[in-house]
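Chains as they are written, first to last, in the working numbering: chain A, 202 to 315; chain B, 379 to 493.
We put the CB at the ideal spot given by N, CA and C, even for glycine.
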Amino acid sequence: GAGVSQSPSNKVTEKGKDVELRCDPISGHTALYWYRQSLGQGLEFLIYFQGNSAPDKSGLPSDRFSAERTGGSVSTLTIQRTQQEDSAVYLCASSLTGINEKLFFGSGTQLSVL
Amino acid sequence: AQSVTQLGSHVSVSEGALVLLRCNYSSSVPPYLFWYVQYPNQGLQLLLKYTTGATLVKGINGFEAEFKKSETSFHLTKPSAHMSDAAEYFCAVSGSGAGSYQLTFGKGTKLSVIP
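Put into structure tokens, the structure is as follows:
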């Protein structure tokens, strides 16, 4: 596609359930990022992929969070046993090489944990 | 390590007035600096980027920013605000070498434009 695509755009879940968020980056972009945006908190870095490997997972808040990327393309962010504090907008971005470049962002997934 | 501070979580200006959004950064290496804009229910879009060279950077939609190393600042300006400029603006910094992929964002400044 022409841009970064994220699905679903909205997800409402119950506390304790697992959720999967999907990101389709721009074709040919080797770098992929996940950020979390909470009200008044700006963008919090979660994880960075270069190809299929994740050299930096330092931003994942707990071991309930995991992410993978397959085929150098689609990425999935999984949150297990969701908590109310996980409620936020999860943004995915991609760039051609990941080095001091413009990031192209998706529109995000609004996650609400009840 | 790098960080970004945006002064003012909310800024209101009248239509036609000067827009000034402030950003100060901290970086242990020569920084790359960015301004992104986020319209409601959308992802972020790049407004402009500073790498090296000219310290005054021109971006899209009439915005520009000036890199001032002595003040560690990268403030965003626009001479005359339009209603369509109402959005949230984020300043970001990335480093060089091993940290060059890591983009650190400020907390954002929400701009309101009053007719």
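Interfacial residues, the region 240 to 252 of chain A to chain B, with Cβ spacing under 8 Å
Taking 8 Å as the Cβ-Cβ cut-off against chain B, the residues of the region 240 to 252 of chain A that qualify are GLY241, GLN242, GLY243, LEU244, PHE246, TYR249, GLN251.
Buried or exposed by the 16-neighbour rule on C-beta atoms within 10 Å, applied to VAL435(B)
One-based indexing of the second sequence puts residue 435(B) at position 57. That one is buried.
Cα separation between LYS485(B) and THR271(A)?
The count along the second sequence starts at 1 and reaches residue 485(B) at position 107. The count along the first sequence starts at 1 and reaches residue 271(A) at position 70. Using only the alpha carbons, I get a separation of about 31 Å.
Separation of THR455(B) from GLU466(B), as counted between CA atoms
Translated into the one-based positions of the second sequence, residue 466(B) becomes position 88. Translated into the one-based positions of the second sequence, residue 455(B) becomes position 77. The alpha-carbon atoms of GLU466(B) and THR455(B) are separated by roughly 14 Å.
Beta-bridge pairing of GLN480(B) - partner residues as DSSP gives them:
For the purposes of this step, residue 480(B) is identified with residue 102 of the second sequence, where counting begins at 1. None, per the DSSP bridge assignment.
Please return the same chain residues whose Cβ sits closer than 8 Å to the Cβ of LEU494(B), not counting the five positions on each side in sequence.
Nothing about residue 494(B) can be reported from this structure: the residues present for chain B run from 379 to 493 only.
Using only alpha-carbon positions, find the residue among LYS447(B), GLN380(B), SER390(B), ALA464(B) that is nearest to SER406(B).
Within the second sequence, the letter at position 28 stands for residue 406(B). The residue with the shortest Cα to Cα distance from SER406(B) is GLN380(B).
Going along chain B in order, which residues have a C-beta closer than 7 Å to the C-beta of LEU292(A)?
Sequence index remark: in the first sequence, residue 292(A) carries index 91 (1-based). What LEU292(A) touches in chain B: GLY421.
By the 9 Å beta-carbon criterion, what residues does the region 444 to 461 of chain B contribute toward chain A?
none
Closer than 8 Å, CB to CB, is SER308(A) near chain B or not?
Here the question's residue 308(A) lines up with position 107 in the first sequence. Yes - at least one Cβ of chain B is within 8 Å of the one on SER308(A).
Please state the DSSP three-state secondary structure of LYS303(A).
The sequence position of residue 303(A) within the first sequence is 102, counting from 1. In this structure, LYS303(A) counts as coil in the three-state DSSP scheme.
Would you check if there are 3 or more beta carbon pairs closer than 8 Å linking the region 293 to 311 of chain A to the region 230 to 239 of chain A?
yes
Neighbourhood of ILE227(A) by C-beta, 7 Å cutoff - its chain only, sequence neighbours within 5 removed:
Looking up residue 227(A) in the first sequence gives position 26. If we look at ILE227(A) and ignore the five residues flanking it on each side, its Cβ neighbours are GLY204, VAL205, SER295, PHE305.
If you draw a straight line from the alpha carbon of THR310(A) to that of SER387(B), how long is it in whole angstroms?
As a first step, residue 310(A) is located in the first sequence; it is residue number 109 there, counting from the start. As a first step, residue 387(B) is located in the second sequence; it is residue number 9 there, counting from the start. Using only the alpha carbons, I get a separation of about 23 Å.
Chain-order list of residues whose beta-carbon lies under 6 Å from that of LYS427(B) (same chain, five-residue window excluded)
Walking along the second sequence from the start, residue 427(B) turns up at place 49. Beyond the five residues adjoining it in sequence on each side, LYS427(B) comes within less than 6 Å, by CB distance, of PHE412 in the same chain, given in chain order.
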